[in-house]
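*Asks:*
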Amino acid sequence: MRIINKKILLIMLLVGVILTGVIVEKPNKKVKLDNVILKQEVNNKTFAMYKEDDENNYVLVKDNKFPDMYVLNLTESKCIDNNGNELDGVLSYENDKVTITSGNTTYCYLYFDKSLGLQIKEDNPKGLSEGIKGAMYRFQGQAKDENNNELVNNYICFGTNDQAQCTSDTDKYMYRIIGIEAETGRVKVIKKEALEQKYQWYTDNDKDIKLPESIFFKAINDTDFLNNQEYIPNGWKDKISDNIWMYGDMLDDDSVGAKQLGEELYKVETGQKETKWYVKSTEDTETEYKEQHGNWTNTIDSKISLMYLHDYSYSVGDEAKCNFYYHSETEFSKCKTGWIHLSQNDTTNPPSVHEWMMSRVGWSTNGSFFRGYTIHGDGYAHDWYLADSESVRPVFFIDASQTLKGGIGTITDPFIIQE
0 MRIINKKILL
10 IMLLVGVILT
20 GVIVEKPNKK
30 VKLDNVILKQ
40 EVNNKTFAMY
50 KEDDENNYVL
60 VKDNKFPDMY
70 VLNLTESKCI
80 DNNGNELDGV
90 LSYENDKVTI
100 TSGNTTYCYL
110 YFDKSLGLQI
120 KEDNPKGLSE
130 GIKGAMYRFQ
140 GQAKDENNNE
150 LVNNYICFGT
160 NDQAQCTSDT
170 DKYMYRIIGI
180 EAETGRVKVI
190 KKEALEQKYQ
200 WYTDNDKDIK
210 LPESIFFKAI
220 NDTDFLNNQE
230 YIPNGWKDKI
240 SDNIWMYGDM
250 LDDDSVGAKQ
260 LGEELYKVET
270 GQKETKWYVK
280 STEDTETEYK
290 EQHGNWTNTI
300 DSKISLMYLH
310 DYSYSVGDEA
320 KCNFYYHSET
330 EFSKCKTGWI
340 HLSQNDTTNP
350 PSVHEWMMSR
360 VGWSTNGSFF
370 RGYTIHGDGY
380 AHDWYLADSE
390 SVRPVFFIDA
400 SQTLKGGIGT
410 ITDPFIIQE
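By numbering that gives the first Met the number 0, the letter at position 389 of the sequence shown is numbered 388, and the numbering carries on one by one without gaps.
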């Protein structure tokens, strides 16, 4: 078990005072501070934060955020009044924001621990990108080399902290890390093997249906996965981070959108780039389509979701230098080189053929049906009929506050989370 280093941040709360660069009274006790906030509005109060400079003087910090990939340890953090008395129940922390409720002048000592993602990143596992790709450090490249050696160490157990149980029952407990969120330290994972049952998106190819009403979405958020004790035993649901997922119409197979590189796909799927609308026929207009179907670029609050198209893209490389639609053997070979596409390396447990993704095509001119994106077992993406039953591999974020127990990320020695 590794020893977690802590960084100490000091917040000084001045009730009713708005700081505008004014130097306020220094704390009595000297504490070395790094990467902390200058000012933050909480309960209409302003916090002044200090750090120690090279000459051991306190100076106001000019950063405006908590240290990346660290999480607040509420157990060790504390607040005191001017007389040194500890104040109970005045400090809370949610969504990287601190709230202090106190009617007194209050000094708060905030202790930050390394996040789960930072613990894994500092172990420097094979295949993890050095730079940030779409807000995450990502595992990229082929799963194994020609000698069957692991090239990407991103296996992690979830649902058990018993390594033997995890490695002997990979159907239930083995996952692979998609990436580590650079700001929060949350770890994004995908189930190593698909759920046993296949699911339709919806029963009618000609009917428009949004994700929250889809059959597979209800399944993974209901008893088939999230509330299934075989997959998520007692206590483990709390280790899954709440998240807002974006979904919506992508670009259909007649456009260059289906062949975009990872960075462009990331912008589309995170709402930074407008998606294109498609109509059912030449008689329809874009306005009529929007009036009938609404704006598909939408969000849902959910613990569980599916993989985005850009996640597959980044698993190949920085920009996924391939067209996702299978048009030639050359493109086919390029698209299946990421660790997520295991069929060329793992003949014993090849990935499921046609797995649903978060990305949706909408109305496709190819076949004149509503379609959603799937990833083929051989590594290329395609749109597919929403009424077809396809495989599902749940995706979620493991909360950053979890602690790494051990492991190196291989399939025989996966990362293990503390109970």
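Yeah, the Cβ is synthetic: ideal placement off N, Cα and C, and Gly gets one too.
Are there three or more Cβ pairs, one per stretch, closer than 8 Å when the stretch 184-198 is compared with the stretch 377-393?
*Replies:* In short, these stretches touch, since the Cβ pair count reaches three.
*Asks:* Of all the options F395, Q417 and I407, which has the alpha carbon lying nearest to the alpha carbon of K187?
*Replies:* Residue mapping note: residue 187 aligns to position 188 of the sequence shown, counting from 1. The option with the nearest alpha carbon to K187 is F395.
*Asks:* Could you check the C-alpha separation between E262 and G133 for me, to the nearest Å?
*Replies:* Stepping through the sequence shown from its first residue, residue 262 is reached at position 263. Stepping through the sequence shown from its first residue, residue 133 is reached at position 134. Going from the Cα of E262 to the Cα of G133 covers about 7 Å.
*Asks:* What residue range is occupied by the uninterrupted beta strand (DSSP E) comprising I119?
*Replies:* Here residue 119 refers to the residue found at position 120 of the sequence shown. Premise fails: I119 lies in the alpha helix (DSSP H), L115 to E121, not in any beta strand (DSSP E).
*Asks:* Who are the Cβ neighbours of N204 in its own chain at under 7 Å, not counting the five residues just before and after it?
*Replies:* By one-based count along the sequence shown, residue 204 stands at place 205. Here the set comprises F368, F369, Y384, L385 and A386.
*Asks:* Using alpha carbons as the reference points, say which of K236, S400 and G178 lies closest to G408.
*Replies:* As a position in the sequence shown, residue 408 is number 409, starting the count at 1. Residue G178 is the option with its Cα nearest to G408.
*Asks:* Is S314 near the ligand ADP, in the sense that its beta carbon is under 7 Å from a heavy atom of that ligand?
*Replies:* Among the ligands in the structure shown, none appear at all, so the ligand ADP cannot be discussed.
*Asks:* If we cut at 8 Å on Cβ distances, does E418 have a partner in chain C?
*Replies:* Chain labels in this structure do not include chain C; a single protein chain is all it has.
*Asks:* What is the residue span of the beta strand (DSSP E) that V391 lies within?
*Replies:* Reading the sequence shown from its first residue, position 392 is the one you call residue 391. Note, V391: premise wrong, no beta strand (DSSP E); not H, not E.
*Asks:* Report the partner residues of T100 according to the DSSP bridge assignment.
*Replies:* In the sequence shown, the residue the question calls residue 100 occupies position 101. Answer is none; T100 lacks a bridge partner.
*Asks:* Can you name the start and end residues of the alpha helix (DSSP H) that L308 belongs to?
*Replies:* As a working mapping, residue 308 is identified with position 309 in the sequence shown. Segment L308 to V315, the alpha helix (DSSP H) holding L308.
*Asks:* Is it the case that the Cβ atoms of T159 and Y172 are separated by a distance below 8 Å?
*Replies:* The sequence position of residue 159 within the sequence shown is 160, counting from 1. The sequence position of residue 172 within the sequence shown is 173, counting from 1. The answer is yes: Cβ separation under 8 Å.
*Asks:* With DSSP run on the structure shown, which of helix, strand or coil describes V41?
*Replies:* As a position in the sequence shown, residue 41 is number 42, starting the count at 1. Residue placement at V41 is poorly supported in this model, since its pLDDT is 39, which falls under 50; the coordinates still yield a value, given next. Correct three-state label for V41: strand.
*Asks:* Just verifying my parser: in three-state terms, what is the DSSP assignment at T222?
*Replies:* As a position in the sequence shown, residue 222 is number 223, starting the count at 1. Coil.
*Asks:* Among residues of its own chain, excluding the 5 on either side of G405, which ones have a beta-carbon nearer than 6 Å to its beta-carbon?
*Replies:* The count along the sequence shown starts at 1 and reaches residue 405 at position 406. If we look at G405 and ignore the five residues flanking it on each side, its Cβ neighbours are I415.
*Asks:* The alpha helix (DSSP H) that contains S419, what's its start and end?
*Replies:* Within the shown structure, residues of the chain are numbered from 0 to 418, placing residue 419 beyond reach of any answer.
*Asks:* Note down, in chain order, each residue of its chain lying with its Cβ closer than 7 Å to the Cβ of Y136, except the 5 sequence neighbours on either side.
*Replies:* For the purposes of this step, residue 136 is identified with residue 137 of the sequence shown, where counting begins at 1. Closer than 7 Å at Cβ, skipping near neighbours: K120, L127, S128, G178, I179 and A181.
*Asks:* If you run the structure through DSSP and keep just helix, strand and coil, what is F138?
*Replies:* In the sequence shown, counting from the first residue as 1, residue 138 sits at position 139. DSSP places F138 in strand when its eight states are reduced to three.
*Asks:* Along the chain, where does the alpha helix (DSSP H) containing E426 start, and where does it finish?
*Replies:* Past the boundaries of the shown model lies residue 426; the chain is included only from 0 to 418, so the question cannot be answered.
*Asks:* Could you tell me which residues DSSP puts in a beta bridge with K187?
*Replies:* Walking along the sequence shown from the start, residue 187 turns up at place 188. In the DSSP output, where bridge partners are listed per residue, K187 has G178 and F396.
*Asks:* Can you tell me whether DSSP reads F414 as helix, strand or coil?
*Replies:* Translated into positions along the sequence shown, residue 414 becomes position 415. Three-state result, F414: strand.
*Asks:* Relative to the C-alpha of T202, which residue among K209, I214 and E192 is closest?
*Replies:* Position 203 of the sequence shown, counted from the start, is the residue given in the question as residue 202. Selected option, being the one with the closest Cα: I214.
*Asks:* Buried or exposed, going by whether 16 or more other CB atoms sit within 10 Å of the CB of S167?
*Replies:* For the purposes of this step, residue 167 is taken as residue 168 along the sequence shown, with counting starting at 1. Its Cβ having fewer than 16 others within 10 Å, S167 is exposed.
*Asks:* Can you tell me which of the three DSSP states E273 falls into?
*Replies:* Indexing the sequence shown from 1 puts residue 273 at position 274. Three-state DSSP puts E273 in coil, outside helix and strand.
*Asks:* Determine whether the beta carbon atoms of K113 and Y69 lie at a separation below 8 Å.
*Replies:* Position 114 of the sequence shown, counting from 1, holds the residue named residue 113. Position 70 of the sequence shown, counting from 1, holds the residue named residue 69. In contact: K113 and Y69 (Cβ atoms closer than 8 Å).
*Asks:* Nearest CA to the CA of E149: which residue from Q141, C156 and I155?
*Replies:* Along the sequence shown, read from residue 1 onward, the residue named residue 149 stands at position 150. If we check each option's Cα against that of E149, Q141 comes out closest.
*Asks:* Since I believe H309 is in contact with E268 (beta carbons under 8 Å), could you give me their beta-carbon distance rounded to a whole number of angstroms?
*Replies:* The residue labelled residue 268 in the question sits at position 269 within the sequence shown. The residue labelled residue 309 in the question sits at position 310 within the sequence shown. Confirmed, Cβ separation roughly 5 Å.
*Asks:* Look at I303 and F157 and say whether their C-beta atoms are less than 8 Å apart.
*Replies:* What you label residue 303 is simply residue 304 of the sequence shown in a count that begins at 1. What you label residue 157 is simply residue 158 of the sequence shown in a count that begins at 1. No. Outside cutoff.
*Asks:* State the DSSP-derived secondary structure class of I131, mapped to helix, strand or coil.
*Replies:* Within the sequence shown, the letter at position 132 stands for residue 131. Coil, per DSSP.
*Asks:* Which residue marks the beginning of the beta strand (DSSP E) containing Y379, and which one marks its end?
*Replies:* As a first step, residue 379 is located in the sequence shown; it is residue number 380 there, counting from the start. It is not in any beta strand (DSSP E) - Y379 carries neither H nor E in the DSSP assignment.
*Asks:* Assuming L264 and S314 form a contact by the criterion Cβ under 8 Å, report the distance between their Cβ atoms to the nearest whole angstrom.
*Replies:* The residue given as residue 264 occupies position 265 in the sequence shown. The residue given as residue 314 occupies position 315 in the sequence shown. Going by Cβ atoms, the distance from L264 to S314 rounds to 12 Å, so no, they are not a contact pair.
*Asks:* In whole angstroms, what separates the C-alpha of I410 from that of D144?
*Replies:* Walking along the sequence shown from the start, residue 410 turns up at place 411. Walking along the sequence shown from the start, residue 144 turns up at place 145. Approximately 15 Å, taken between the alpha carbons.
*Asks:* I'd like to know whether the C-beta atoms of G316 and Q139 end up nearer to each other than 8 Å.
*Replies:* In the sequence shown, counting from the first residue as 1, residue 316 sits at position 317. In the sequence shown, counting from the first residue as 1, residue 139 sits at position 140. Yes. Within cutoff.
*Asks:* Kindly list the residues whose CB is nearer than 8 Å to the CB of N220, restricted to its own chain and excluding five residues on each side of it in sequence; keep chain order.
*Replies:* On the sequence shown, position 221 is the one that residue 220 refers to. Only S301, K302 and I303 meet the Cβ criterion.
*Asks:* Could you check how far apart the C-beta atoms of M306 and M356 are, in whole angstroms? I think they sit under 8 Å.
*Replies:* Here the question's residue 306 lines up with position 307 in the sequence shown. Here the question's residue 356 lines up with position 357 in the sequence shown. Correct: roughly 6 Å between the Cβ atoms.
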